[in-house]
Each structure stands twice: as structure tokens, then as C-alpha cells.
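Engineer:
2 protein chains.
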Amino acid sequence: MSRVRVHNFSISLDGFGVGESQSLEAPFGHAGERLLRWALPTRTFQRMGFHGREESTVGVDDAFASNWAEDIGVEIMGRNKFAPSRGPWENEEWRGWWGDDPPFHTPVMVLTHYPRLPLEMEGGTTFYFVNADPPEALRRARQLAEGKDVRIGGGTTTVREFPQADLIDQMHIVVVPILLGRGERLWEVLEGLEDRFTIESVVSGSGVIHLTFTRRVGA
Amino acid sequence: MSRVRVHNFSISLDGFGVGESQSLEAPFGHAGERLLRWALPTRTFQRMGFHGREESTVGVDDAFASNWAEDIGVEIMGRNKFAPSRGPWENEEWRGWWGDDPPFHTPVMVLTHYPRLPLEMEGGTTFYFVNADPPEALRRARQLAEGKDVRIGGGTTTVREFPQADLIDQMHIVVVPILLGRGERLWEVLEGLEDRFTIESVVSGSGVIHLTFTRRVGA
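Protein sequences, first through last, are from chains H and R.
All residue numbers for the first sequence refer to this note's numbering, where the first residue is 381 and numbers rise by one.
All residue numbers for the second sequence refer to this note's numbering, where the first residue is 381 and numbers rise by one.
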């Protein structure tokens, strides 16, 4: 069976995956880019198009970051990762934050209460808009993945809902040593998750803590 | 000026310093002893009286644990660390969790809305019962400390109130990779703490993450 994976999902020390007051100008709300700063210099993120640096790093941060795409056949993301708007689609001109050639290069399932027609981009990315709970979303994502793994891409609510529904095989969570104070918490209603996962952690030179959750055999 | 310090304060990955349903039998509520398991085998805790093991460790965990007493002249603790009871003291027979010779060996200020007479124990520990907010408690603790440092000993509310009041110089917080789901959170209302502190972290062989907060010069 294909695995369900989370990669490079960053939270603050107080557990927020996103700040308050998200908008078109501030996709992470008052958190700004602070939750992603560890990732931007990595070779993986530089190759994804986060330019502006001459050098890229291949240290501990990149060792984790670089695993995000291998064997992935589909991404599931929440509406809020795809678009800053809420409610019914006022127009369908919005094509995501990532330009004409998004870095996914696979089908991407956007969970939304407001379905619309699929949106085919350059480079192999097609956005599908689906109204489904996690088990049903996963069933349909696996049809798109052609036997490959499923990445749960965010945002915070979406990443939280899959372990809540016990539908996760592995997670890579990055704890950034800042205190956001407000926003959306990742770790709600996940008591006892450690009973089903082996948890490892390591601190990288950039100061973040990489946590990996690997589902135990039989758990 | 003497420093105000936190040592060995353990929280879960989701930020709880104590679980729900504290009682005489379960001082950490449903967390049990899981938040302290990293510390019990250390030479420092073994010498404090947490017996039952033949060997003790002097690795990373003990390197941090062992700093708790040096240059400390007084501890401030919340009522809930001293006693399982709430409200007015029904009798004054309760003498703390630590037996006749508590491991503090200094004055200990217990914050409570219900003052009572000081309680002198063996080995240099005297409990003082004081109704005061953090600035006033600190002022009075410094009088007892005779120029030495002040340790904020817990529980969760007490440890949180001192950085909230901007009255902390250094903190050692230990993140234990378990998810408690409920209890009392340490990281409430501490947005932006990283602006005033240098934060370092390291993972120990026991799997916990040691975080140190050192106040920046001038901050």
C-alpha cells in the first residue's frame, strides 16, 4: 500500500503552523516567512524556484527537505494553501501561488467545499478541487497517484486532520525556535500519537529541530 | 544583580507542563512520570533521592540537570508544586512532597492566596507562604537569597508568569516527545520571546530536546 507522508511542515515552538491574519500579501499571517527561513537556502528549495541566493546548502536541513518529492504521486492540500480567498470562488482566475509551472509536477487535490473544474498547469501539475473528508480524499488521491505515495501538503488544519483520522504513515515536522503566540495549532487533539510512532529528532545548524514520526509496524 | 533562572522544566511536544486531573496520587495528572523520565536516571536526580537504580548517567541530560542548584539562594514555586490541595489550608500537616529533608536546601517561597507560618525543614529548606504577584514575589525572594540567584521552580503557571512579566534571565526547558493533548500549557501569551533571548537546542540520547534561553545583553 502506498504511504501517506508529511514533509517539511514547519511550526513555531508554541505549535503554530501559521500565524493570524492570513492574506494575499501575507500567506503565513503575522508569522511572515519566519517558519520557512530554514528551508529557503537549501538546494532543494533553491531548485524549486526560491531564488535570490548565490549558494545553496546541502547540510542537515537539505537532507530532510530533499525527501519531499521522491515516490510521491499526488499531493493533498487544504483550500487555504491554494488560495487566500474564502467561501465560493468569486472568479476562477486564481491559479495558485506558484506561477504557471508549480513545483509539484503531480496531480494536486485541493480540499474545498466549493468544487470547480480541474486546472491543468505546465510541468505536470493539475489541481483537482474536491469536497471530501480525509478518508474519502485519500481514497480518491490514491486513484490519481497510480501506486505512488500521497503527500499531505498543508496547511495546518489539513496536516492535523490526517493523523487525527489515523491516516498517516510518516511525518517530518520542523520546530522553529520562535513563539508566535497566535494562529493555528498543529498539535490539537493528538494525545498519545507517540504510542503509534517512533519519534526521532535532531537539531540542525540553522537552529531548527527536525522531528520525524515513523509509524511502528503493526501500529 | 542576581539572576532569575528556570532549570529542568519539562513539557510535552504539544507544550503541556502538567497533565489534567492532578491529585495526591498523580501530581502530574494523566502525564504520570513521563515528563520526568529523562531526568530520573541522571546522577543529579539520583543524588536528590530518586533511587531505585544501580547506575546513574552523566551524559547530556545530566550536564543540564546538574546546573539546577549552583549559586541558587532561593526557589519560588506555585502552591500546586507544594501541595495537591486547593483553597484554604484545611490543616497544616502537609509538609510538601519531599519528606523531612527536601532537596532544596535553601529558602523556598510558595506562592499562595492563603498565607501560613513558615515551615522549617531539615537540611536548610524553609518554606515561606506568600501572597504576591511575580514582581513582588521576586523582590521578597531576593531578600531571602542573600545575593544569590533565584530559581523559578514550577509549576507551569508559575514558570510562565515570570517570562510574561519579563522577569527571567535564563531558562532551561526540556521538550519530551509525547503528546499529552490536555493540561496546562507553558507557551501561552509569550509571543516574540525569541527577540529578547538567544535560544539554543540539543537532542540527548534519551530522546528529549534541551532548550536554553539566555537573555541577550541589553534586551
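Each residue gets a CB set at the ideal place from its N, CA and C atoms; glycine is no exception.
At a Cβ cut of 9 Å, what residues of the region 391–408 of chain R count as close to chain H, listed as they run along the chain?
Structural biologist: Ser-392, Leu-393, Asp-394 and Gly-395
Engineer: Just curious, the beta strand (DSSP E) that R/Pro-487 is in, first and last residue?
Structural biologist: Mapped onto the second sequence, residue 487 of chain R falls at position 107. R/Pro-487 -> beta strand (DSSP E) spans 487–491.
Engineer: For H/Leu-547, collect the residues of the same chain with a Cβ closer than 8 Å to its Cβ; drop the 5 residues on either side in sequence, then sort them by chain order.
Structural biologist: Here residue 547 of chain H is taken as the residue at index 167 of the first sequence, counted from 1. Here the set comprises Val-384, Pro-514, Pro-515 and Leu-518.
Engineer: Could you check if H/Arg-540 is buried or exposed, using at least 16 other CB atoms within 10 Å of its CB as the buried criterion?
Structural biologist: To locate residue 540 of chain H, count along the first sequence from 1; it is residue 160. Buried, because 16 or more other Cβ atoms sit within 10 Å of the Cβ of H/Arg-540.
Engineer: Residues of chain H with CB under 7 Å from R/Glu-574, in chain order?
Structural biologist: The sequence position of residue 574 of chain R within the second sequence is 194, counting from 1. Simply Pro-557, Ile-558 and Leu-559.
Engineer: Residues of chain R with CB under 8 Å from H/Leu-547, in chain order?
Structural biologist: As a working mapping, residue 547 of chain H is identified with position 167 in the first sequence. Those within 8 Å of H/Leu-547 in chain R number zero; the least Cβ separation is about 17 Å.
Engineer: Less than 9 Å between CB atoms is the rule here; does H/Val-569 satisfy it with respect to chain R?
Structural biologist: Numbered from 1 along the first sequence, position 189 holds the residue referred to as residue 569 of chain H. It does; some Cβ of chain R falls within 9 Å.
Engineer: Looking at the strands, I want to know which residues DSSP matches up with R/Ser-390.
Structural biologist: Along the second sequence, read from residue 1 onward, the residue named residue 390 of chain R stands at position 10. Partner(s): R/Val-554.
Engineer: Can a CB atom of chain R be found closer than 9 Å to the CB of H/Gly-587?
Structural biologist: For the purposes of this step, residue 587 of chain H is identified with residue 207 of the first sequence, where counting begins at 1. Yes, because at least one Cβ of chain R sits closer than 9 Å to the Cβ of H/Gly-587.
Engineer: Looking at the structure shown, is R/Met-620 part of a helix, part of a strand, or coil, going by DSSP?
Structural biologist: Because chain R is modelled from 381 through 599, residue 620 of chain R falls outside the range shown and cannot be assessed.
Engineer: Is H/Arg-427 close to chain R, meaning its C-beta is less than 9 Å from at least one C-beta of that chain?
Structural biologist: In the first sequence, residue 427 of chain H corresponds to position 47, counting from 1. No, no contact with chain R.
Engineer: Three or more beta-carbon pairs under 8 Å between the region 547–563 of chain H and the region 393–409 of chain H, yes or no?
Structural biologist: The region 547–563 of chain H vs the region 393–409 of chain H: in contact.
Engineer: Indicate the three-state DSSP secondary structure (helix, strand or coil) for H/Gly-409 in the structure shown.
Structural biologist: Residue 409 of chain H sits at position 29 when you count from the first residue of the first sequence. Helix at H/Gly-409.
Engineer: State yes or no: is the beta carbon of H/Ile-579 nearer than 9 Å to at least one beta carbon in chain R?
Structural biologist: Locating residue 579 of chain H in the first sequence gives position 199, counting from the first residue. Closer than 9 Å: yes.
Engineer: In chain H, which residues lie less than 8 Å from R/Arg-562 when you measure between Cβ atoms?
Structural biologist: Mapped onto the second sequence, residue 562 of chain R falls at position 182. In chain order: Glu-571.
Engineer: Using alpha carbons as the reference points, say which of R/Pro-482, R/Thr-592, R/Gly-429 and R/Pro-557 lies closest to R/Gly-353.
Structural biologist: Nothing about residue 353 of chain R can be read from this structure; chain R reaches only from 381 to 599.
Engineer: For the region 436–460 of chain H, enumerate the residues whose C-beta is nearer than 7 Å to any C-beta of chain R, in chain order.
Structural biologist: none
Engineer: Residues of chain R with a CB under 7 Å from the CB of H/Val-539: which are they?
Structural biologist: For the purposes of this step, residue 539 of chain H is taken as residue 159 along the first sequence, with counting starting at 1. Chain R residues near H/Val-539: none, gap ~14 Å exceeds 7 Å.
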